[in-house]
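For reference, the structure is listed below as structure tokens.
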Amino acid sequence: QTHTSDRHFPLCSPLRHNSSNFGGSSFKDNHHSNHNDNPQATRSEGRIRMAPKKSDENSLTVIVLDVSPVTWGERDMQRSVSDKKRQAAGKRSTGPATFEELLAAVQAFASASISLERDSALLIVAVAAGEAAVVYPRKDRLEKYFANPETKMDASSIQEDLVFGVTNLMSKASSVASNPDAPTSASFGAMTAGFTTALCLINRFLVASNSGVSALQSESAWTRANAEDDGVIASIGAGGKKKSKKSAQAWSPRVLLIQASEDRAGDYNAMMNCSFASVKLQIVVDGCFIPCSSGSKSSPYLEQVCDLTGGVFLAPSGAAQANMALSEVLLSVFLAPRPSRSGLNLPALNKVDFRPRTFDTGKSVDMAHVCNQCLSIFETKPQGRCTTCNADIKSRMPQRPNAS
28 QTHTSDRHFP
38 LCSPLRHNSS
48 NFGGSSFKDN
58 HHSNHNDNPQ
68 ATRSEGRIRM
78 APKKSDENSL
88 TVIVLDVSPV
98 TWGERDMQRS
108 VSDKKRQAAG
118 KRSTGPATFE
128 ELLAAVQAFA
138 SASISLERDS
148 ALLIVAVAAG
158 EAAVVYPRKD
168 RLEKYFANPE
178 TKMDASSIQE
188 DLVFGVTNLM
198 SKASSVASNP
208 DAPTSASFGA
218 MTAGFTTALC
228 LINRFLVASN
238 SGVSALQSES
248 AWTRANAEDD
258 GVIASIGAGG
268 KKKSKKSAQA
278 WSPRVLLIQA
288 SEDRAGDYNA
298 MMNCSFASVK
308 LQIVVDGCFI
318 PCSSGSKSSP
328 YLEQVCDLTG
338 GVFLAPSGAA
348 QANMALSEVL
358 LSVFLAPRPS
368 RSGLNLPALN
378 KVDFRPRTFD
388 TGKSVDMAHV
398 CNQCLSIFET
408 KPQGRCTTCN
418 ADIKSRMPQR
428 PNAS
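Residues 28 to 431, numbered by the numbering used here, are exactly what the sequence shown covers, in order.
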């Protein structure tokens, strides 16, 4: 990216980007070489990959689920019409996946995830339109779960909390969708809000389970519970008394983003900031985009996030969504923990579309204007004020004549 503000007004400068065409995902082996500046990551074919987790680390998985009612309502209608035609011809369904199939797939993935490791931890965040909420564990048990991550998880409680939380969240989002003045993008799932919530939950989880030591400190501080200083939060909570020493658990956090709505153009900067934070904290982010026959076939934002963090991206389509096939996709592609992935033939992103989407038109462009205040991206130069941050746009100062 090259920023040249001298040829345009000072506030908004043009953004140039030489992007490669998106080639989709394919199954192939990945060989890692050429270490970058980060000793915890490796680079292969221009893609950063996180180092495998240590054997003594337990998995901490956060699922971010798109349950926007408008998106899934349209998909259910398309599925009903398609199934009637195919049943009349004696053929099986070819999707798209229904909302019931999505919940069943997530429940199967969650149950399998907690079954892989006895001391693993799981949290589920649901996103509906502009709303995001933690649906598992429920609010009344969340703080206790942070403090006692070794609490046994029950598959039946996951199912109950998931259904109950999603139902409440969708009822709130339905009121927004019923507003005729709301823009179309307002009905799309705010995956960035769910992504941000997931990172906050991971940080709180690590702080609570490691004697109040912030996850933003060095990695050595994450497992410092046996040291004399148990952390500021723990010392205050103990009233100045030394707590009983307890061996800290080391966690390997990862996030799974399951998206069905199209990307929201205004969320690009926030999504990229979350990606950079994930790389900083060594959090692997996987992405599963569930396309519809009438919508986008992929999510450029999700592709970029997975590429930056070394995660797996896949967009199952057609029969891969119907007849419980979505459950097979989640289990076979996204279930494997980080140590096992190096020996598996998982989908790899051959080419990623790194072109940004403009905030005014929502198009992917090679050249755009960028606000120097809020970094909003515009296809056409704003006049007067930035439509995002309302900052004044100053005209270029006239050049003074040379004194001779």
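The C-beta atom is built at its ideal place from N, Cα and C for all residues, glycine as well.
Linking T388 to F405 through their CA atoms gives a straight-line distance of about 8 Å. Segment contact: the region 307 to 322 against the region 281 to 288, three or more CB-CB distances shorter than 8 Å; contact assigned. Measuring C-alpha to C-alpha distances from S202 to each of E330, N175, A139 and A156 identifies A156 as the nearest. Secondary structure note for C315: its beta strand (DSSP E) is the uninterrupted segment V311 to F316. R368 and D334 have their alpha carbons spaced roughly 15 Å apart.
Beyond the five residues adjoining it in sequence on each side, D188 comes within less than 7 Å, by CB distance, of V162, Y163, P164 and R165 in the same chain, given in chain order. Measuring C-alpha to C-alpha distances from E84 to each of E144, E127, S95 and T121 identifies E144 as the nearest. Of all C-beta pairs linking the region 334 to 343 to the region 353 to 372, three or more are shorter than 8 Å, placing the two stretches in contact. Beta-bridge partners assigned by DSSP to E84: A277. Under the three-state reduction of DSSP output, D380 falls in the coil class, being neither helix nor strand. When secondary structure is reduced to three states using DSSP, I420 falls in the coil class, being assigned neither helix nor strand. Taking each of V154, T98 and S302 in turn and checking the Cα distance to S323, the smallest one comes out for T98. Spanning the alpha carbons of Y295 and C227 requires a straight line of approximately 19 Å.
By the CB criterion at 8 Å, N350 and R119 fall inside the cutoff. Counting of Cβ neighbours within 10 angstroms places T414 among the exposed residues, the total staying below 16. A direct Cα-Cα distance of roughly 32 Å separates A418 from A160. For P366, the three-state secondary structure derived from DSSP is helix. For L283, the three-state secondary structure derived from DSSP is strand. Looking at the DSSP output, D93 bridges to V154. Counting only the Cα atoms, A116 lies some 44 Å from M298.
Straight-line spacing of the CA atoms in T223 and P364 works out to 22 Å.
Per DSSP, reduced to three states, the secondary structure at L189 is helical. The straight-line gap separating the alpha-carbon atoms of P374 and F361 is approximately 10 Å.
Rounded to the nearest whole angstrom, the C-alpha separation of G411 and A217 is 29 Å. In the DSSP assignment, I141 is bridged to no other residue. Membership of C301 in any beta strand (DSSP E) is not indicated; the residue belongs instead to the alpha helix (DSSP H) covering Y295 to K307.
Counting of Cβ neighbours within 10 angstroms places M394 among the exposed residues, the total staying below 16. A Cβ-Cβ distance of about 4 Å is found for the pair G221 and V91, placing them in contact under the 8 Å criterion. Rounded to the nearest angstrom, the Cβ distance from I229 to L87 is 7 Å, consistent with a contact under 8 Å. The C-alpha of P409 is placed about 46 Å away from the C-alpha of A137. In this chain, A395 is not harboured by any alpha helix (DSSP H); it is covered by the beta strand (DSSP E) spanning M394 to C398.
The C-beta separation of D313 from R291 comes to about 20 Å, leaving the pair out of contact by the 8 Å criterion.
For the pair V397 and P383, the Cα-to-Cα distance works out to about 11 Å.
Under the DSSP definition of a beta bridge, L149 partners with T88. Contact check for M180 against P96 fails: the beta carbons are separated by 8 Å or more.
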